[in-house]
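A quick write-up on the structure given underneath.
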Amino acid sequence: MALKEGDKVPDFSLPASGGRTVSLAQLKGKPFVLYFYPKADTPGCTKEAQGFQEKLPEFQKLGVAVIGVSRDPIKAIDKFAEKYGLTFPLASDESGALSEAFGTWVEKSMYGKKYMGMERATFLIDAEGRIARAWRKVKVTGHVGEVLGAAKQLAA
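Those letters in the sequence shown? Residues 0 to 155, per numbering that gives the first Met the number 0, in order.
Here you go:
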């Protein structure tokens, strides 16, 4: 059962880019963005990550952390973050526990072939650790601006 708006985020602790760890405990009492992306260093994921990086100062001004999550190994994530100068944490959910909880590990289909993959989805989490907004099947263009708008409303 995928998490939805109003649900409490399950506890998590994941390795992240730059030797960091991201956990719900660290983020307690602060709003944050958790965005799930299919694969590091692919065109759509790169564009999305660069969009969040570009708007990072605005999110920080609101006191909203940004965290990207994929099932890539941390080595691939570190390379991706370094290549594009991404300073916010990119977390590795190799076990798939967090993406399963959020319902972002889904059956996909390409050229008639079915496979399991990460759905591009974003969640805005409030200071109480509940999902304030959820975006599923995200289209990259204009998405970061939409998330920032919602973060401004949450911070207001």
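Yeah, the Cβ is synthetic: ideal placement off N, Cα and C, and Gly gets one too.
- request: Pull up the distance between the alpha-carbon of Ser108 and that of Lys82, whole angstroms please.
  value: For the purposes of this step, residue 108 is taken as residue 109 along the sequence shown, with counting starting at 1. For the purposes of this step, residue 82 is taken as residue 83 along the sequence shown, with counting starting at 1. Going by C-alpha positions, Ser108 is about 29 Å away from Lys82.
message: Assess contact between the stretch 72-91 and the stretch 34-51, defined as three or more Cβ pairs (one per stretch) separated by less than 8 Å. Is contact present?
response: yes
task: Assign Tyr36 to one of two classes, buried (16 or more other C-beta atoms within 10 Å of its C-beta) or exposed (fewer than that).
output: Your numbering for residue 36 matches position 37 in the sequence shown. Its Cβ being crowded by 16 or more others within 10 Å, Tyr36 is buried.
- prompt: For Arg129, does the count of other Cβ atoms within 10 angstroms reach 16, so buried, or fall short, so exposed?
  reply: Here residue 129 is taken as the residue at index 130 of the sequence shown, counted from 1. Counting the other Cβ atoms within 10 Å of the Cβ of Arg129 gives fewer than 16, which makes it exposed.
- request: Quick one: using the 10 Å Cβ neighbour count with 16 as the cut-off for buried, is Glu118 buried or exposed?
  value: Within the sequence shown, numbered from 1, the residue matching residue 118 stands at position 119. Glu118 comes out buried.
- request: Measure the C-alpha to C-alpha separation of Pro88 and Arg19 and round it to an integer number of angstroms.
  value: Residue numbering aside, residue 88 sits at position 89 when the sequence shown is read from its first letter. Residue numbering aside, residue 19 sits at position 20 when the sequence shown is read from its first letter. Near 7 Å, if we compare the C-alpha coordinates of Arg19 and Pro88.
- request: Quick one: using the 10 Å Cβ neighbour count with 16 as the cut-off for buried, is Thr41 buried or exposed?
  value: Here residue 41 corresponds to residue number 42 of the sequence shown, with the count starting at 1. Thr41 should be labelled exposed.
- request: Look at Ser91 and Ile73 and say whether their C-beta atoms are less than 8 Å apart.
  value: Position 92 of the sequence shown, counting from 1, holds the residue named residue 91. Position 74 of the sequence shown, counting from 1, holds the residue named residue 73. Contact: yes.
- prompt: Roughly how many whole angstroms lie between the Cα atoms of Thr121 and Lys113?
  reply: Working through the sequence shown from its first residue, we reach residue 121 at position 122. Working through the sequence shown from its first residue, we reach residue 113 at position 114. Cα to Cα, the separation comes out at about 23 Å.
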